[in-house]
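Working notes, structure below.
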Amino acid sequence: MNHRDQGFTLVEVIVAMLIFVIAITLVVPAFTSFLSLNSGNEKQTQAVRAAQQVLDRIRLQDPANLTTNPPAQTVTVGGYPYQVAVAYCYTAAYCDSGSKDVEVEVSDNGKLLFSAETVYTQIVK
């Protein structure tokens, strides 16, 4: 019988399995960390979308009517609920009858994911 017809030896199979196990042990942690990072980025992007939705609703109002801070609201984006808190006149220098300073904070289970501050002014035609 020829040596090529005999197949692999037990030592060759064990060495091949050892190399495979080492490779898998190095790849799996990297894969799970990439999944975690991707999930965090998705939540961050959805938090920005939640803030945009709330700011777009506020933008439709007259700045003079934005006097009291509304209660925090829950906005659902991508199937996940986010808590959105709005505060007016955080920076008092930007608040008068024609403009309002607006601050929006988006959180998930108490963890702040996104915060933005802007000034809305009334456009006169």
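With the first letter of the sequence shown counted as 1, position 100 gets the number 109 in this note's numbering; the numbers rise by one all the way through.
Note that beta-carbon positions come from the ideal geometry of N, C-alpha and C, so glycine has one too.
With DSSP as the reference, please indicate the residues paired to residue 124 in a beta bridge. Answer by DSSP bridge pairing, in chain order: 114.
In chain order, what residues of the same chain lie with their CB nearer than 6 angstroms to the CB of residue 98, ignoring the 5 residues before and after it? By the criterion of a C-beta distance shorter than 6 angstroms, residue 98 is surrounded in its chain by 104, 110, once the five residues flanking it on both sides are discounted.
Would residue 84 and residue 37 qualify as a contact pair, given that the criterion is a beta-carbon distance under 9 angstroms? Taking 9 angstroms as the Cβ cut-off, residue 84 and residue 37 do not qualify as a contacting pair.
Check the DSSP bridge columns for residue 92 and list the partner residues they point to. The secondary-structure analysis by DSSP pairs residue 92 across a beta bridge with 83, 116.
With burial defined as no fewer than 16 other Cβ atoms inside 10 Å of the residue's Cβ, what is the status of residue 60: buried or exposed? Label assigned to residue 60: buried.
Does residue 24 pass the burial test, meaning 16 or more other C-beta atoms within 10 Å, or should it be called exposed? Exposed, by the Cβ-count rule.
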